[in-house]
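Scroll down for the structure; my scribbles are underneath it.
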Amino acid sequence: MTATTREERSRRREKRGSQAEAPAKKQVPQISHNVPPYEILNAENVQLIHDKSMHILSKLGIAFYDQEAREILAAHGARVEGDIVFMDETMVMEHVSKAPSQFTQMARNPENNVVIGGNHTVFAPVYGPPFVYDLDRGRREGTLDDFQNFVKLAYMSEYIQHSGGTVCEPNDEPVPTRHLDMLYSHMKLSDKPFMGSVTEPWNAEDTVAMCEILFGKEAMQENPATISLINVSSPRRHDDRMLGCMKVYAKARQAMIITPFLMAGAMSPAAIAGTLALQNAEALSGIALVQMINPGCPVIYGSFMTNLDLQSGATVFGSPESQLTILALGQIARSYNLPFRTGGTFTSSKLVDAQSGYESIQTMLPAVQAQTNFVLHSAGWMESGLASGYEKFIIDNEFLGMYHKMSKGIDFTDEGFATDAFEEVEAGGHFLGTQHTMRNFRTAFHRADADVLDYEAYEKWVELGSDDTVIKANRKWKKMLTEYQAPALDSAVDAKLQAFVEGRKKALGFG
0 MTATTREERS
10 RRREKRGSQA
20 EAPAKKQVPQ
30 ISHNVPPYEI
40 LNAENVQLIH
50 DKSMHILSKL
60 GIAFYDQEAR
70 EILAAHGARV
80 EGDIVFMDET
90 MVMEHVSKAP
100 SQFTQMARNP
110 ENNVVIGGNH
120 TVFAPVYGPP
130 FVYDLDRGRR
140 EGTLDDFQNF
150 VKLAYMSEYI
160 QHSGGTVCEP
170 NDEPVPTRHL
180 DMLYSHMKLS
190 DKPFMGSVTE
200 PWNAEDTVAM
210 CEILFGKEAM
220 QENPATISLI
230 NVSSPRRHDD
240 RMLGCMKVYA
250 KARQAMIITP
260 FLMAGAMSPA
270 AIAGTLALQN
280 AEALSGIALV
290 QMINPGCPVI
300 YGSFMTNLDL
310 QSGATVFGSP
320 ESQLTILALG
330 QIARSYNLPF
340 RTGGTFTSSK
350 LVDAQSGYES
360 IQTMLPAVQA
370 QTNFVLHSAG
380 WMESGLASGY
390 EKFIIDNEFL
400 GMYHKMSKGI
410 DFTDEGFATD
420 AFEEVEAGGH
430 FLGTQHTMRN
440 FRTAFHRADA
450 DVLDYEAYEK
460 WVELGSDDTV
470 IKANRKWKKM
480 LTEYQAPALD
490 SAVDAKLQAF
500 VEGRKKALGF
510 G
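Taking numbering that gives the first Met the number 0, the leading residue of the sequence shown gets 0, the next gets one more, and so forth.
Have a look at this one:
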């Protein structure tokens with residue numbers, strides 16, 4: 000390729016960019032499924048898993064490494080022996096039944112409130128990686144700038160309804176105070192719902208305090224302002240840090256996702272049925288405790304499950320076993336009338352390559368088919384959760400749009416059958432010019448973003464530069480960040496938030 004040819008192609012790309020107006024920010028409503036969920040268990044299977052879970056809870060017990068939590072459980076009829084708590088079926092189900100089947104999480108822009116439960120699905124971005132990856136700089140430690148970039152990208156996405164939580168670790172900020180910077184970034188740079196901090200109980204207290212500034216304490220009693228991820232330290236163990244955060248959020252009536260962290264073959268048996276039973280026991284034990292602390296507190300039945308390669312010890316994502324458990328657990332959560340969380344665009348790949356694409360779809364498709372209510376890690380996950388990827392985020396987002404369309408199902412009205420079009424077209428003709436096609440050509444089929452996915456003829460693709468999807472996604476996220484405009488935030492509220500952050504940093508010795 001000559002330098003002149005490269006320059007000509009570059010000019011063509013710049014011309015296309017200059018002719019295109021910056022798109023107005025738009026938001027596709029969250030998914031309300033118009034198709035039935037995919038169910039793989041029969042009633043006997045569901046009951047058998049439940050019974051095995053009750054055996055674990057009543058006969059083997061669950062460790063709760065927090066004295067107050069054990070006292071609460073004992074006061075409600077549990078048997079406590081040291082750190083181990085034994086819970087019978089009647090007690091567990093009495094309290095689990097108090098959890099709401101559906102609730103609304105507030106956003107500071109009420110138009111972005113989300114419903115969690117029922118037939119609704121919420122997509123939230125990647126959560127937790129210490130590293131970030133992009134095509135220009137490769138893999139590196141995440142910074143606050145990276146964190147804020149991902150918040151902006153999630154805000155600008157029309158298919159992601161939630162700002163998420165720790166979209167990447169801002170490693171350039173001190174550990175004791177970085178939660179304050181993350182929370183303020185979510186509140187300032189986006190007006191979508193967001194997640195709370197769970198690194199320490201006092202960080203949860205800071206989350207509640209900042210939410211009270213943003214939303215008001217009274218409003219937070221009606222609908223949660225934040226949702227937080229409470230992981231179970233599997234197998235059969237709730238640790239003191241997570242229990243401390245759970246107590247803070249439960250007392251403030253803020254939503255939580257109770258999620259066993261299972262890797263089959265290590266933290267659960269090398270058997271799918273046994274893993275399902277353990278997952279169910281751990282999730283229900285945490286949900287029951289939340290309801291003992293504050294009956295009716297919003298809670299989600301969470302699952303993070305994959306399996307190990309038992310020959311190498313490496314984690315495997317998108318495996319057949321993980322697909323089966325996602326579908327099964329969605330059905331089990333519905334049997335308890337609880338909202339469900341699982342899934343994401345999981346991959347073990349270190350690059351945005353064929354492996355990352357296949358594994359991501361292998362995990363996300365069953366999550367959508369199971370009608371998961373809250374999908375964490377919907378965009379940007381790489382390297383078994385160690386890296387948040389810029390290009391991966393953009394490509395994943397395009398497939399979220401496809402899932403939005405798929406969830407609508409098939410239109411069986413006269414318009415859906417194109418009844419009048421058949422009257423226009425003779426045998427051997429075509430439907431391109433019919434009145435029906437002209438009425439529906441913009442909306443009949445999902446149209447992916449041509450700036451990311453390519454549908455051109457080969458010759459046209461070569462003429463435009465022969466760019467692959469990763470290169471196109473690299474251009475896309477940069478363009479989005481250039482076009483980003485922060486949503487308005489009341490100046491008085493903003494001042495109070497900044498004052499709180501500054502005050503807490505000083506109190507923690509970092510002012």
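In this text, a Cβ means the ideal position worked out from N, Cα and C, and glycines have one as well.
Query: Are A512 and K191 close, meaning C-beta to C-beta below 8 Å?; Result: Residue 512 is absent from the model: the chain starts at 0 and stops at 510.
Query: N279 by DSSP, collapsed to three states: which one?; Result: helix
Query: By how many angstroms is the C-alpha of D489 removed from the C-alpha of Q497?; Result: 12 Å
Query: Please return the same chain residues whose Cβ sits closer than 8 Å to the Cβ of I39, not counting the five positions on each side in sequence.; Result: L323, L326, A327 and Q330
Query: So what does R78 bridge to, in DSSP terms?; Result: F85
Query: Any contact of the segment 170-177 with the segment 134-145, i.e. 3+ C-beta pairs under 8 Å?; Result: yes
Query: Terminal residues of the continuous beta strand (DSSP E) containing F421?; Result: Looking at the DSSP string, F421 is not in any beta strand (DSSP E); the run it does join, the alpha helix (DSSP H), is T418 to E423.
Query: From S347 to T314, what distance separates their C-alpha atoms?; Result: 7 Å
Query: Considering Cα atoms alone, identify which of A77, G81 and F214 is closest to A491.; Result: F214
Query: Residues bridged to A254 by DSSP?; Result: I226
Query: Between V500, S189, G164 and W201, which has its C-alpha nearest G195's C-alpha?; Result: G164
Query: In the DSSP assignment, what residue or residues form a beta bridge with V131?; Result: R139 and S387
Query: Who are the Cβ neighbours of A378 in its own chain at under 7 Å, not counting the five residues just before and after it?; Result: P124, V125, I159, T344, F392, D395, N396 and L399
Query: Give the secondary structure of L337 by DSSP, where H, G and I count as helix, E and B as strand, and everything else as coil.; Result: coil
Query: In whole angstroms, give me the CA-to-CA distance for W380 and S387.; Result: 5 Å
Query: Using only alpha-carbon positions, find the residue among L275, T258 and I257 that is nearest to G264.; Result: L275
Query: Counting along the chain, where does the beta strand (DSSP E) carrying Q101 start and finish?; Result: Q101 to Q104
Query: Skipping 5 residues on each side, what residues in its chain have a beta carbon closer than 8 Å to that of R235?; Result: I55, L59, G60, I61, A62, L277, A280 and E281
Query: When you compare only the Cα positions, how much space is there between Y183 and V500?; Result: 8 Å
Query: In three-state DSSP terms, what is R446?; Result: coil
Query: With DSSP as the reference, please indicate the residues paired to V113 in a beta bridge.; Result: Q104
Query: Using CA atoms only, rank isn't needed, just tell me which of P129, V351 and S100 is closest to G295.; Result: S100
Query: So, under 8 Å CB-CB, T289 and M245 are touching, yes? Tell me the CB distance rounded to an integer number of Å.; Result: What sits at residue 289 in the sequence shown is Val, not Thr. Contact holds; Cβ gap of about 6 Å.
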